[in-house]
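**Student:**
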Amino acid sequence: MSTSWSSQSATSPESFEDLFERVNMILGDTTPTRPDSTDSESFVPRQPLTLKDVGVSYAVLERIILRFLLSTSAVTGRRIATQLRLPWKLTEPLLKQLRQEKHIDLTGTTAAGDSEFVLTPTGRERARQYLLESSYFGAAPVPLEDYANAVAQQSPSRLQVRMADLRRAFRGLILSDQTLERLGPAIKAGRGLFLYGNSGNGKTSIAERISEAFGSTIWIPRSVAVEGDIIRIFDPRVHTELDDSTTAGGLLDSQDIDRRWVRIRRPTIVAGGELTMDELELQLNPTSRVCEAPLQVKGNCGTLVIDDFGRQRMPIDELLNRWIIPLERRHDFLNTPSGKKVRFPFDLLMVFSTNLEPHDLVDGAFLRRIPYKVEISDPSETEFRQLFEAVSLSLNVPIDSETLDYLLQRHYRDADRPMRSCHPRDLLLQVQNYCQFHDAPLQATRPALDAAVQNYFAITAPARTHRMPSNRNSGST
355 MSTSWSSQSA
365 TSPESFEDLF
375 ERVNMILGDT
385 TPTRPDSTDS
395 ESFVPRQPLT
405 LKDVGVSYAV
415 LERIILRFLL
425 STSAVTGRRI
435 ATQLRLPWKL
445 TEPLLKQLRQ
455 EKHIDLTGTT
465 AAGDSEFVLT
475 PTGRERARQY
485 LLESSYFGAA
495 PVPLEDYANA
505 VAQQSPSRLQ
515 VRMADLRRAF
525 RGLILSDQTL
535 ERLGPAIKAG
545 RGLFLYGNSG
555 NGKTSIAERI
565 SEAFGSTIWI
575 PRSVAVEGDI
585 IRIFDPRVHT
595 ELDDSTTAGG
605 LLDSQDIDRR
615 WVRIRRPTIV
625 AGGELTMDEL
635 ELQLNPTSRV
645 CEAPLQVKGN
655 CGTLVIDDFG
665 RQRMPIDELL
675 NRWIIPLERR
685 HDFLNTPSGK
695 KVRFPFDLLM
705 VFSTNLEPHD
715 LVDGAFLRRI
725 PYKVEISDPS
735 ETEFRQLFEA
745 VSLSLNVPID
755 SETLDYLLQR
765 HYRDADRPMR
775 SCHPRDLLLQ
785 VQNYCQFHDA
795 PLQATRPALD
805 AAVQNYFAIT
815 APARTHRMPS
825 NRNSGST
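Those letters in the sequence shown? Residues 355 to 831, by this note's numbering.
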């Protein structure tokens, strides 16, 4: 559905102060949570019963079929139906129509009684013309309106997040109850979260697991149709496809599911310092002429993490300006290859993560207006010991309490070195390599730890220059 830009998006650029103020207001939105929805059964795509239910034009389906036949030799009708991910009863009339138009013809029948089809000379010429438009011959696309409806029904804001959900999502991480108390309300709000703190304390690990707190899977289409343009949504590089055999607790037969949709884990998309503005727009592959959805569309109903916030190639205000209207209105306008401006849903939790001093990024007055800003601080000694014990077990590198006491005294207290959550893993990995090199039993001994510390911290700047001020009033405000 083509839509023009709103008048607000065409106004003159806002000042940085006004821009940040609007972002803060949006991230601080406290709209009441909608009724709970505990799993993907809030939306299940049902198999279309008629060609009208498919929701796309004959012209779109014709192009896919002819391009598919151009890529292969004789193909059975049921194989074409499988390629389209449509029922045979809906594919059969399409093939009959193409035969009447003399674009395809029968070559025979298989032993199973299934007819085989090939392109006619006329059909081959038309398929080549269609190939110039796009090389896509995958599943039949889903109407954009159906996708928008599915996103709304599976929105994270429909879910109730509780402490038990956080503990499940962050299992394996050593996080204090205080940190979980700070994270919980921010995640439940489902609008945005600013994570900051020293490098190596797990900000990215926390951000990457937030979607698990929502505790559910979702359905997304393999592709959507926008007035003739096909845009690929499902991306196996960032989406984890799941078996749908347990859908609706087994009450819904898997044959009743629309195969154009994929059941996935709620996505977590991470964009780091390499993020560019182009990645936030529809991407047309110049060779295949297949259009890929941008990061924020692939992240719908999940989490989009802007990692290393402040280190992107574009200025901070430019990045914020790109998100301002989508965050506020829960939709985004994108330009299709044919030049149309189309409204896409924008429904996800945005997490800004940085190891820079927040006041170095923006003025303190702006920071005070961000309601959810959580510092992931250095671990306490108790937490540090727990991390060592956990990593020791996972790597099978034993460390006794006396040796750990030695490490803490000599290489942390005496060296005035802060403890970071990544140190136990990184040091014990070096101990593991040390023992293997010396053909010694896997054991964290004093010599092995001394060698690991010397290698690991050899060119590290003085420790205290990296420590966040201990008197900071951190956490949610």
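For every residue, glycine included, the Cβ atom is placed at its ideal position computed from N, Cα and C.
#1: Excluding five sequence neighbours on each side, which residues of the same chain lie with their C-beta closer than 6 Å to the C-beta of residue 684?
#2: Taking only the alpha-carbon atoms, compute the straight-line gap between residue 451 and residue 617 and give it to the nearest angstrom.
#3: Looking at the structure shown, is residue 699 part of a helix, part of a strand, or coil, going by DSSP?
#4: Among 762, 555, 656 and 410, which has the Cα closest to the Cα of residue 567?
#5: I'd like the ranges of any beta strand (DSSP E) spanning at least 3 consecutive residues and lying wholly in the stretch 656–713.
#6: Going by beta-carbon coordinates alone, are residue 726 and residue 546 separated by less than 8 Å?
#7: Could you spell out where the beta strand (DSSP E) holding residue 726 opens and where it closes?
#8: With the cut-off set at 8 Å, would you say residue 584 and residue 490 are in Cβ contact?
#9: Beta carbon of residue 572, beta carbon of residue 523: below 8 Å?
#10: With three or more beta-carbon pairs closer than 8 Å as the criterion, would you say the stretch 457–466 touches the stretch 439–448?
#11: Going by the CB atoms, is the gap between residue 487 and residue 643 shorter than 8 Å?
#12: What are the residues that DSSP puts in a beta bridge with residue 497?
#13: For residue 709, count neighbouring Cβ atoms within 10 angstroms of its own Cβ and tell me buried if that reaches 16, exposed if not.
#14: Determine the extent of the beta strand (DSSP E) in which residue 470 is found, giving its start and end residues.
#15: Is the Cβ-Cβ distance between residue 800 and residue 757 less than 8 Å?
#16: Count the other CB atoms within 10 Å of the CB of residue 553; is the residue buried (16 or more) or exposed (fewer)?
#17: Ignore the nearest five residues each way along the sequence and tell me which others in residue 493's own chain have a CB closer than 6 Å to its CB.
#18: Whose C-alpha, out of 641, 418 and 543, is nearest the C-alpha of residue 582?
#19: Taking all protein chains shown into account, do 16 or more other C-beta atoms lie within 10 angstroms of the C-beta of residue 639, making it buried, or fewer, making it exposed?
#20: What ranges does the alpha helix (DSSP H) occupy inside the stretch 515–588, keeping only unbroken runs of at least 4 residues that lie completely in it?
#21: Classify residue 666 as buried or exposed, calling it buried when 16 or more other Cβ atoms lie within 10 Å of its own Cβ.
#22: Classify residue 750 as buried or exposed, calling it buried when 16 or more other Cβ atoms lie within 10 Å of its own Cβ.
#23: What does a CB cutoff of less than 6 Å around residue 629 pick up in its chain, not counting 5 residues either side in sequence?
#24: Leaving out the 5 sequence neighbours to the left and right, which residues in its chain are closer than 8 Å to residue 555 when beta-carbon positions are compared?
#25: Please return the same chain residues whose Cβ sits closer than 8 Å to the Cβ of residue 456, not counting the five positions on each side in sequence.
#26: Could you tell me which residues DSSP pairs with residue 616 in its beta bridges?
#27: Are residue 781 and residue 806 touching if we call contact CB-CB under 8 Å?
#28: When the distance is taken between beta carbons, is residue 622 closer than 8 Å to residue 578?
#29: Let me make sure I understand the geometry here. Which of 625, 411 and 404 has the alpha-carbon closest to that of residue 558?
#30: Check the DSSP bridge columns for residue 789 and list the partner residues they point to.
#31: Between residue 426 and residue 509, what straight-line distance do the alpha-carbon atoms span, to the nearest angstrom?
#32: Rounded to whole angstroms, what is the Cα-Cα separation between residue 813 and residue 786?
#33: Taking only three categories from DSSP, how would you classify residue 458?
#34: Can you name, in chain order, every residue of its own chain whose Cβ lies under 8 Å from the Cβ of residue 401, other than the five neighbours on each side?
#35: Between which two residues does the beta strand (DSSP E) holding residue 622 run?
#36: For the alpha helix (DSSP H) containing residue 422, name the first residue and the last one.
**Tutor:** The answer reads as follows:
#1: 700 and 701
#2: 32 Å
#3: strand
#4: 656
#5: 657–660, 685–689, 695–699 and 703–708
#6: yes
#7: Note, residue 726: premise wrong, no beta strand (DSSP E); not H, not E.
#8: yes
#9: no
#10: no
#11: yes
#12: 579
#13: buried
#14: 469–473
#15: yes
#16: exposed
#17: 439, 576 and 614
#18: 418
#19: exposed
#20: 517–523, 531–543 and 557–567
#21: buried
#22: exposed
#23: 666
#24: 730, 731, 732, 733, 774, 775 and 776
#25: 474, 476 and 477
#26: 574
#27: yes
#28: no
#29: 625
#30: Bridge partners of residue 789: none, in fact.
#31: 40 Å
#32: 21 Å
#33: strand
#34: 441, 609, 610, 611, 612 and 613
#35: 622–625
#36: 412–424
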